[in-house]
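K.L.:
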Amino acid sequence: MDMTTTLKQEIKRMMVENLMLQVTPDEIDDQLLLFGPNSLGLDSVDALQLVVALDKKYGLKIPDPATARKVLQSVTSIAEAVVSNPNALGAEAEYPPPRV
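Sequential numbering of the sequence shown, starting at 134, is according to the working numbering.
(1) Quick one, are the C-beta atoms of S207 and Q155 less than 8 Å apart?
(2) Quick one: what does DSSP say L175 is sitting in, helix, strand or coil?
(3) Count Cβ pairs between the stretch 172–192 and the stretch 142–155 that sit closer than 8 Å; are there 3 or more?
(4) Determine the contact status of L173 and I161, defining contact as a CB-CB distance below 8 Å.
(5) Alpha carbon to alpha carbon, how far is N171 from A224? Give it in angstroms, no decimals.
(6) When you compare each of P219, A201 and D159 to V178 by their alpha carbons, which one comes out closest?
(7) Using three-state DSSP, classify P229 as helix, strand or coil.
Okay, structure coming up:
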């Protein structure tokens, strides 16, 4: 399992635990939309909890609603934000972004 896959699994576990979802991490597809129709069905309260959890676990700052809409689309978009965040706590060591 590569680091991105591991990170996505961690994010799914964090979501299930923090948001008290009635699904298992394995039931959440990486590309499944988190909000809106045909999605996991998260709401604005879940979004706030997710923003706080991502900041606490990965040091990922989501400063405004526009950024939140972009980052919180799916597990994949969250993982990409964590990997590309140079300020993420521990994320740089565990999930280094590709060097240019």
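All C-beta atoms, glycine included, are put in the ideal place defined by N, C-alpha and C.
P.N.:
So, to answer that:
(1) For S207 and Q155, no; Cβs fall outside 8 Å.
(2) Strand, per DSSP.
(3) Touching, yes, given that three or more Cβ pairs across the two stretches are closer than 8 Å.
(4) In this structure, I161 lies closer than 8 Å to L173 by Cβ.
(5) Any reading at A224 must be qualified, since the residue scores a pLDDT of 41, below 50, and its modelled position is unreliable; the value itself is stated next. Roughly 31 Å between the two C-alpha positions.
(6) That would be A201, whose Cα lies nearest to the Cα of V178.
(7) Reliability fails at P229, whose pLDDT of 47 lies under 50, so the model's placement of it is uncertain and the value that follows must be treated cautiously. Looking at P229 - three-state DSSP - the assignment turns out to be coil, as it is neither helix nor strand.
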